[in-house]
Each structure stands twice: as C-alpha cells, then as structure tokens.
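Student:
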Amino acid sequence: MNYRKFLIAALLVMSFSVQAKDITITRLTCEMREGRVTISDAPRLGWQMSSPENGTRQTAYEIEVRDVWAGKVVWNSGKVKSARSQLVSCADAALAKDRHYTWRVRVWDEADTPSAWSAPSDFSILTSEAAFAGSEWIGAITRKDARIPEGRKYHGSELKKPEAKAAWAAVDTLAKKSIYLRREFHVAKKVKDATAYVCGLGFYEFSLNGEKVGDSEFAPLWSDYDKSVYYNTYDVTSQVKKGGNAIGVLLGNGFYNVQGGRYRKLQISFGAPTLRFRMVVNYEDGTSETIVSGKDWKYDFSPVLFNCIYGGEDYDARREQKGWNMFGFKEQDWRPVVIQEAPKGVLRPQIAQPVKIMERYDIREVTKLTAEQITAACKSTKRTVDPSAFVLDMGQNLAGFPEITVRGKKGQKITLLVSESLTDEGACNQRQTGRQHYYEYTLKGEGVETWHPRFSYYGFRYIQVEGAVLKGQKNTLHLPVIQKIQSCFVYNSAPKVSTFQCSNRIFNEAHRLIEKAVRSNMQSVFTDCPHREKLGWLEQDHLCGPGLLYNYDLTGFVPQTLQNIADAQHANGAVPTTAPEYVVFEGPGMDAFAESPEWGCTFVVLPFMYYETYGDDSLIRKYYNGMRRYIDYMTTRANDGIVSFGLGDWYDYGDFRAGFSRNTPVPLVATAHYYMVVRYLVEAARMLDNRYDVAYYTHLGEEINKAFHREFYHKDTRQYGTGSQCSNALPLFLGMVPAEDKQAVLDNLVADIKRHGNRLTTGDVGNRYLFQTLARNGLNELMYTMHNHEEAPGYGFQLKFGATTLTEQWDPRQGSSWNHFMMGQIDEWFFNSLAGIRTVEGKPGMKEIEIRPRPVGDLTYVRASTETLYGKVAVDWTRENGVFTLKVTIPVGCTARVFLPNEKEPKIVESGTYSFKK
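In mature numbering (1 follows the signal peptide of the UniProt record, and there is no 0), the protein residues as written are -20 to -1, 1 to 898.
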C-alpha cells in the first residue's frame, strides 16, 4: 500500500515536471486583435507568453480549434516545430465560413516540455452578406423622397450660392431627424448564444430590453459611405431572456448626413438616418432563430431635436418615452418604417476599436460673468449671452462633450457652450474653431436627471453654462441646479501601450501634450482637429507614424485607415489630402488643399511603418496595385521628373504667420516625397517578386534623383533649395545626397540650426526629417539643445503658454487650433533615441530588438516601454557619478542586441530582465 502511494506521488511530480518552465500564455489574438474578431477568411492567430526565468523561448506549438455551434473540435495543428507565435496562419485548417469558433494553444520550451493549454479565445468567419442575410435598410424616409442634394462640393463659398441654399432648403426636414426604432420578439427555449449585427447610420445607440449594449459612442466609425460601410458585432447572450424581449435603436446623423443648421465645415448627405440589423439566437436544442430589420419594425421621433457632427445637439427630455425599448411598450401611435435605399458602400466589419468616453474631468475653476462682460461677450461671440452665464475651466483641453446631473422644473432649458479658449472678457470663444456649436437640454422635471450629447462632440477646455446654477450658488431666479458637471474625454479606445518618463520636465510634459492631442484626434480616423474640421488629413499619419505606433495598439486602426484611403483614391490614381473625402476642394487657391504629395504618400508609407512595427506585410500586398497607381499618377503630374504641386512644409516657422511653406520650395518637398514613394514601391515589388516593377521603378527613382539634383542642388555651396533646414534634411534623410558631399550638406544643416540660435525652422512636414536626420547622424546633443528651452519655436513655449494639448502652430498665439498633433514628431525620438528601442534593421516586427539608448544633455534617467506583439519591451537607464546603468526587459519569443553608450559590439540577450553597467 505504501509502495502504491509512493508511485502515485512520483507520477504526479513527473506530470508537473514536464510542464514548460513556468511559461504562461497570456494574450490570445486573431489578426492581432483581442476579443471576438469577425473575419472573412482563414485567421492568423497569435499569443503572448510570460516566464519568470530569463532565456525562455518557444520551440513548438499546438493549436486546437472548436466549432462552437457544433460543439466539437474541428481542427488540431498537431505539434508544430516553430518559434513563431504571431501571425500564425490557419489556412490549412479549411475552416467553414459563417461559423463561430473558439481556439486554444499550448507551446513547448527549449527543453521540449509543454506548457498548459491557454484559456480559450474566439473568432467568427463570416461574410457581410451572411451577417445581414434577410435584413433590409429601414428608417423614416427614402433618399429620393427627401430630395437630398448630390455631390461633395458643398463647403466654403459654394454654400453661399443661391442655388446651393435652395437645394438644401428643399430637403424634407424628416431626413435629418433623430428617430427611435423598435421590434419585439419572443424566446421560448434555452439560449446557447445570441449575436447581433448592427449598422445604424450615421450613428446609433443599440439597446436590448432597456439596457444599452456596449459602451461605445459614435458607432459605427465613420467612412465614405459610397465605398465602405462599417458594422458592429455584439455578443448579447447574457441580455436575451426567456419570454418577451425588445430591441431598441436610436439613430443620429453623424457624417452620414451633415445638413447643417448651425456651424458646419461642409454639407454632405448619403441619406436620411438608416438601420440594418440582424440578430441570431442559437438554442441549446440545435435550432436557431433570426430577427432582422424589415417592414415589421416601427419608428417614432426621439427626444434629440437637433444633432449635427459640426453644430452640436439639442435634447428635450419631456419627449422621452418611458419603456420604449422594453417588451410590452404600447406602440400603437408609432409609425411603420420605410424600406430605404441601401448605401452604395460595401458592408465591412469594423476592425478598429470603438470610440468611447475614456476619461472624465471635474471643474477646476468657476467664473461668473459680470453684466459688463456679458454685454461685451454678446458682441465678440455674435450671439446673445444669457445674464445667468458662468464659465467653468475644466483644466484640460480635449475632444468630447459635457455631462450634467441636474434637478429643475419641467420645461426649463440649459445651454452649454464649449470652447478651447476665452474671449478677452472671459466668455467661451469659438471664433477660430467654428461657431456656433452648443448643446441645449430641456428638463422633464422628474427629480435628478443626467444627460450628455450622443451624436456630436467638440474640442474644448471651457464650458459656458447658461440657464442654470451650480449646487451651492445663489438661485434667486429658481433656475435648474447642476449637481455635477464633467468634461467627457471621448476618443478611440485603441489601447495605449507605452510609458515614457525622463529627468527633463519639458520632455515629459511635451510627451503629455502630444498624447492628449493625439487622443483628441483619434476618433474614427486621425483628424486634424476636434472642432473646426474633424477631417482625416493624412500627412500626420505617416509623419507622426512611428511615434503613434510606439504609443498605441494600431493593429486594427491602421488597416481601417488604409481602407479609407483606398476608398478615397480617385479613378486616375490620385490620392486626396483627406480620407474619407467628404469634400472635394475646388476653385481658386484650393488645388493645393485637394492634393499634396506629402499627404497622399501616406497610402504608400504607412503600410511599411505598420510592417516595421508588427511584421505584417498584408497591407503592402493588399494595396500594392493602388500604390502603383498613385505613383503612376504622380509621374503624369511630373515635369522632367519634378513634381511642383502641394502644400510643401506646411506651417513652417519664421517671422511670418504660418501656412503655406515659406522657407522651403514646394517643388523640392513634393519631388522628394515622389522619390520616397517610388523607393518604397520598389521594396514592395521585391516582396511580391514582381521583377518587371523592380526594374521599372528602380530606373524611375534614379531619374527622379537626377532631376532633383539638377533642379535643387547647388554643388558649389553643398546646399539644396534655399538652404533651409527642410531643404537639406529631406535629401539627407532619404539618402539622396552623393556620398562625397554628405558631410558638407550635414554641416550646412547644422550651421543653419546654429544660425537660428539652435532653433528649428521646419513645420508639419519637415520636422520628422530634421529630427531623424540629426538622430541618425549622431547629433542627438543638438536635438536635445534644440528642444530643451521655453522659447518659440518649441514644445517648452507651448507649455509656458499654458497649453494642455499640442497646438497647430509652434507659436499658439498665432494659430487657429490649440488641439493638433501634427507637430508631435519628437515622440519618435523619445523612444528610438533617448530610450533606444527599435526593431533590428531588416528584421521587421520587433521579434529581434535593438536597444541603443542615447544619454544626452543633462539627462540623468530615462524610463520607457512599449508593448510589441510579443509583450512589453522596457528600458530603464540612469547616469550617476559617472556610472551608466541600464536595465532592459525583453518579452518571451524575442531576442535583443543591447548597445551600451559608445560601444560598437552588442550584448545579445534572450527574454527576461537584464542589468548592465558602464
């Protein structure tokens, strides 16, 4: 008996001993995204691993896939000898489409011992046709009956033309009203799972049995609805109940239906608000039921009386219908829906993360406007300011809307005006950011009421409240009492994946300025600003691209951005400056805003930055033909190899108001970008083994370089163009400079910086090329000096000015917007130079990492990290008493080459945490 106990104990010990040494599989992804992912073809799976021991590595894996509805394993990879743990193809699995799957994985370590199986994750292989099978587009009025004008020309002076005014005035007002839609259904069996597919345009809010499903705002993410229409998928298993159920959907206009009414940058409409919906309920007995949008739904008007993405929102709580989205609601006065025309675009699953309320800010300071200030504000703001007005400083400039909790009488109205700056008299000032934009809330008078807008947002720091008082204030007029008010910071929920801190206050705060500006403008797309335009101007996507990729998980955001750019590409191959292209800039002086090579080249450059970060070349392959068409179009615009159109180094710096490039010739900047994208295309052609294109575009690139030097290079002075910083930095960055002249051109660049007092003169476009040219040529000390001050131009000046987000101009006193991230290129330098984190050259994907920190200036420490597909890479270095100490953390599955300062040979390390001293 004792022998048997001993044997059992020994076997148990052996079973634990063959587990891989404490490897834990921590994060499962499909197409690099967590959660339930909907795809249309064979998935690429990935997983992260952690281990308390240094040097742990994967040598093999096994994947198991289970069909959820069939309840059985449908594929097992078997043990595959491979270190690959990201973008692992399941093409061999031959998985059936229109199915829902779960999967799990285990791995073997370097000693060939297996880990435990991971927790399961799931994905669906589903076509959009299957997702919405049997459903129809429904709403209140068809596009035809609404008499909605066609075209993308309605902006600026065009909107002032009598014929344009008449066309929009003739639109049926029903076409821009927010509506409720509802449908009831019964469940008689035990539910196994339930999934809802929803596309409500422009924006929607979906509820089931009275509860909002999900926590997104402004869903689905906006697009060019003539090309792509995004939908969302929800697991609603826990919200479906036995017996009666009710579906409710609230619709708003968004960018789908911009008809104006207050401030608007443009007007465009793809149709009246519309819904397409399908829910699939699978029962435990193997049967299923579908509920689809169709003629059996009903609608009524919602309490949202006005909503415009540019103009704001009005809400009358007296018009709420209690229980409208609950089973058993009396809907006899509701109207039958109209079957509408479908949007022209292709239905696609939304792959970027949803927009949400991500942060909240409370009041920092309250200022009651005096009678004299109110009189002055009525003039300066061009509106009647109510005598009750007071202004709240919320402390942080952001994108979003206010939320109020209030108590008052039925029918009382509160107006909320928001802005990022104040007039001289202290009122909210929208003069430079688009006026009038405001929110009105009419109380229902039933106790405490909480409200925030649903379908509009703005960039603001200040809230001007009219028609109410704060709790605790005198209230002789018996106005509504606001018990709580907050600024809701609304942005795309793509996770932040970085940390950065150093001993330099200006750098730390500059990093924060950039982060808040990026977040403000990371909505459905990367916008230029969150108020005046809200358009997807493209140049910042690649010029700030490396910094964005260090800081945020863009595995879903970038692919959706590229789809938007592909949708915007014209038939002749041209790529506009904005995507989606809601307005076509035409007319005198507008050509440069319609097309500019520095903007359009994002279509070519961004897929390579994505590839560099994630090791995924699928975007390069998918959009190769579009890239080539763009370059061929550029060739038709070139004159003897020189491209002469565009915006150039937009918003460069000098003794002038920023705007069009003043320091650097526009043709120089345009032609350099033409050359750059040709080089990228040659690399893409090699990846695709397209030998003809390799040869053809290599030759084209050589000819462009020759033309560039004929036109812009002054051999006698070793200067390009005007000798400006951008003029010389661009060809240096792109490797265009003859080898024998490189040092002389670099010396000229440095001399110009010193001639300007160690200050920059570059703008939106030139910044990255200047910063990275200095960094890549060992001039990090100069970079440090150039930015470590509180004068204009510089990040320190913006901080001294009191900015809480990065501003449009280097000198915010001169600029229109105080919430732009286009000047945020220094973030790349913080990570790849100060911290020294980058992928090994020629080894994309951060599986092979280079750590090469640059201790410069008077920095005494830098602590930074970024999450790769494999896990966190962290650097922590200090300088004290002449000793440099470096601590690095490398995720399982990766190796790193660690270079200490002034050392040429790296130290090679595998996963784990290591310390070095010098």
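Backbone N, C-alpha and C define an ideal beta-carbon position, used for all residues, glycine too.
Can you tell which of GLY580, THR350 and HIS491 has the C-alpha that lies nearest to the C-alpha of HIS767?
Tutor: What you label residue 767 is simply residue 787 of the sequence shown in a count that begins at 1. Comparing Cα positions, the closest option is HIS491.
Student: Just the C-alpha distance for ASN738 and ARG601, rounded to the nearest angstrom, thanks.
Tutor: To locate residue 738, count along the sequence shown from 1; it is residue 758. To locate residue 601, count along the sequence shown from 1; it is residue 621. Distance between the alpha carbons of ASN738 and ARG601: 43 Å.
Student: From ILE486 to GLY837, what distance separates their C-alpha atoms?
Tutor: The residue labelled residue 486 in the question sits at position 506 within the sequence shown. The residue labelled residue 837 in the question sits at position 857 within the sequence shown. If I take the Cα positions, the gap works out to 13 Å.
Student: Output the distance between the C-alpha atoms of LYS61 and LEU25, rounded to the nearest integer angstrom.
Tutor: Your numbering for residue 61 matches position 81 in the sequence shown. Your numbering for residue 25 matches position 45 in the sequence shown. So the alpha carbons of these two residues sit roughly 16 Å apart.
Student: Which of the three DSSP states, helix, strand or coil, is assigned to LEU(-9)?
Tutor: As a working mapping, residue -9 is identified with position 12 in the sequence shown. Interpretation of LEU(-9) is limited by its pLDDT of 40, a score under 50 that renders its predicted location unreliable; the figure taken from the coordinates is listed afterwards. Note: LEU(-9) maps to helix in three-state DSSP.
Student: Could you tell me the distance, in whole angstroms, from the CA atom of PRO886 to the CA atom of PRO200?
Tutor: Residue mapping note: residue 886 aligns to position 906 of the sequence shown, counting from 1. Residue mapping note: residue 200 aligns to position 220 of the sequence shown, counting from 1. C-alpha separation (whole angstroms): 48 Å.
Student: Which two residues bound the contiguous alpha helix (DSSP H) that contains GLU33?
Tutor: As a position in the sequence shown, residue 33 is number 53, starting the count at 1. It is not in any alpha helix (DSSP H) - GLU33 carries neither H nor E in the DSSP assignment.
Student: So what's ASN488 in DSSP terms, helix, strand or just coil?
Tutor: Sequence index remark: in the sequence shown, residue 488 carries index 508 (1-based). In this structure, ASN488 counts as helix in the three-state DSSP scheme.
Student: So, are the CB atoms of LYS156 and ASN233 less than 8 Å apart?
Tutor: Translated into the one-based positions of the sequence shown, residue 156 becomes position 176. Translated into the one-based positions of the sequence shown, residue 233 becomes position 253. Their beta carbons are under 8 Å apart, which means LYS156 touches ASN233 by this criterion.
Student: Need the endpoints of the alpha helix (DSSP H) that CYS581 sits in, please.
Tutor: By 1-based counting over the sequence shown, the position of residue 581 is 601. That residue, CYS581, is in no alpha helix (DSSP H); it is neither H nor E in DSSP.
Student: Using CA coordinates, which residue listed in PRO323, ASN812 and ALA497 is at the minimum distance from PHE440?
Tutor: Taking the first residue of the sequence shown as position 1, residue 440 is located at position 460. When only C-alpha atoms are compared, the closest one is ALA497.
Student: Are there 16 or more other CB atoms within 10 angstroms of the CB of LEU839, so buried, or fewer, so exposed?
Tutor: Within the sequence shown, the letter at position 859 stands for residue 839. Burial call: buried.
Student: Please classify ASN605: is it buried, with 16 or more other beta-carbons within 10 angstroms of its beta-carbon, or exposed?
Tutor: Along the sequence shown, one-based indexing puts residue 605 at 625. Classification of ASN605: exposed, given that the 10 Å Cβ count is below 16.
Student: Could you give the DSSP three-state label for LEU726: helix, strand or coil?
Tutor: Within the sequence shown, the letter at position 746 stands for residue 726. Note: LEU726 maps to helix in three-state DSSP.
Student: Under the three-state reduction of DSSP, which class applies to PHE640: helix, strand or coil?
Tutor: Translated into positions along the sequence shown, residue 640 becomes position 660. Coil.
Student: Under 8 Å, do ASP89 and THR9 count as touching if we go by C-beta distance?
Tutor: One-based indexing of the sequence shown puts residue 89 at position 109. One-based indexing of the sequence shown puts residue 9 at position 29. Their beta carbons are not under 8 Å apart, which means ASP89 does not touch THR9 by this criterion.
Student: At what residues does the alpha helix (DSSP H) containing TRP304 begin and finish?
Tutor: One-based indexing of the sequence shown puts residue 304 at position 324. Element bounds for TRP304: n/a, residue is neither H nor E.
Student: Between LEU139 and the ligand FMN, is the CB less than 7 Å from at least one heavy atom?
Tutor: By its list of ligands, the structure shown contains no ligand whatsoever, and the ligand FMN lies outside what it can speak to.
Student: Which residues share a DSSP beta bridge with HIS135?
Tutor: As a first step, residue 135 must be located in the sequence shown, where it is residue number 155. DSSP lists LEU246 as partners of HIS135.
Student: If you run the structure through DSSP and keep just helix, strand and coil, what is LYS897?
Tutor: Here residue 897 is taken as the residue at index 917 of the sequence shown, counted from 1. Looking at LYS897 - three-state DSSP - the assignment turns out to be strand.
Student: Here's a check: name, in chain order, each residue in its chain whose Cβ is nearer than 7 Å to the Cβ of ASN455, leaving out the five neighbours to either side.
Tutor: Counting from one through the sequence shown, the residue named residue 455 turns up at place 475. Closer than 7 Å at the Cβ level, and outside the excluded window around ASN455, lie VAL449 and VAL461.
Student: Work out the CA separation of GLY782 and LEU372 for me, nearest whole Å.
Tutor: In the sequence shown, counting from the first residue as 1, residue 372 sits at position 392. In the sequence shown, counting from the first residue as 1, residue 782 sits at position 802. When rounded, the distance between both Cα atoms is 16 Å.
Student: Please classify TRP97 as buried or exposed, where buried requires at least 16 other C-beta atoms within 10 Å of its C-beta.
Tutor: On the sequence shown, residue 97 is found 117 positions in, with the first residue counted as 1. That one is exposed.
Student: Can you tell me whether ASN861 is buried or exposed, with buried defined as 16 or more other CB within 10 angstroms of its CB?
Tutor: If you number the sequence shown from 1, residue 861 lands on position 881. ASN861 should be labelled exposed.
Student: Grab the span of the alpha helix (DSSP H) containing THR541 for me, first residue to last.
Tutor: Along the sequence shown, one-based indexing puts residue 541 at 561. Note, THR541: alpha helix (DSSP H), 537 to 548.
Student: Rounded to a whole number of angstroms, what is the C-alpha to C-alpha distance between LEU534 and PHE281?
Tutor: Position 554 of the sequence shown holds residue 534. Position 301 of the sequence shown holds residue 281. Each residue's Cα considered, the two are about 38 Å apart.
Student: Between PHE103 and SER273, what straight-line distance do the alpha-carbon atoms span, to the nearest angstrom?
Tutor: Against the sequence shown, residue 103 aligns to sequence position 123. Against the sequence shown, residue 273 aligns to sequence position 293. The straight-line gap from Cα to Cα measures roughly 25 Å.
Student: Can you find the residues in the same chain that come closer than 8 Å, C-beta to C-beta, to ARG(-17), ignoring five residues on each side of it along the sequence?
Tutor: One-based indexing of the sequence shown puts residue -17 at position 4. Bear in mind that the predicted position of ARG(-17) carries a pLDDT of just 48, short of 50, making it unreliable; the figure below should be weighed with that in mind. Counting only Cβ-Cβ distances below 8 Å, and skipping sequence neighbours, we find nothing.
Student: Out of VAL853, ARG258 and ASP21, which one is the CA nearest neighbour of ALA113?
Tutor: Residue numbering aside, residue 113 sits at position 133 when the sequence shown is read from its first letter. Measuring from the Cα of ALA113, the nearest candidate turns out to be ARG258.
Student: Using CA coordinates, which residue listed in SER249, MET802, TRP809 and GLY743 is at the minimum distance from LEU762?
Tutor: Walking along the sequence shown from the start, residue 762 turns up at place 782. The shortest C-alpha separation from LEU762 is found at TRP809.
Student: What number of angstroms, rounded off, separates the C-alpha of MET29 from the C-alpha of VAL470?
Tutor: Here residue 29 corresponds to residue number 49 of the sequence shown, with the count starting at 1. Here residue 470 corresponds to residue number 490 of the sequence shown, with the count starting at 1. Answer to the nearest angstrom: the Cα atoms are 32 Å apart.
Student: Which of the three DSSP states, helix, strand or coil, is assigned to VAL171?
Tutor: Reading the sequence shown from its first residue, position 191 is the one you call residue 171. DSSP places VAL171 in strand when its eight states are reduced to three.
Student: Cα separation between GLU519 and GLU264?
Tutor: Locating residue 519 in the sequence shown gives position 539, where the first residue counts as 1. Locating residue 264 in the sequence shown gives position 284, where the first residue counts as 1. Straight-line Cα distance between these residues: approximately 52 Å.
Student: Once the 5 residues before and after PHE309 are set aside, which same chain residues still bring their CB inside 6 Å of it?
Tutor: Mapped onto the sequence shown, residue 309 falls at position 329. Only GLY303 meet the Cβ criterion.
Student: What separation, rounded to the nearest whole angstrom, lies between the Cα atoms of HIS800 and GLY628?
Tutor: Indexing the sequence shown from 1 puts residue 800 at position 820. Indexing the sequence shown from 1 puts residue 628 at position 648. Distance between the alpha carbons of HIS800 and GLY628 is about 18 Å.
Student: Inspect the beta-carbon positions of GLY816 and ILE806 and report whether they are closer than 8 Å.
Tutor: To locate residue 816, count along the sequence shown from 1; it is residue 836. To locate residue 806, count along the sequence shown from 1; it is residue 826. No, the Cβ-Cβ distance between GLY816 and ILE806 is not below 8 Å.
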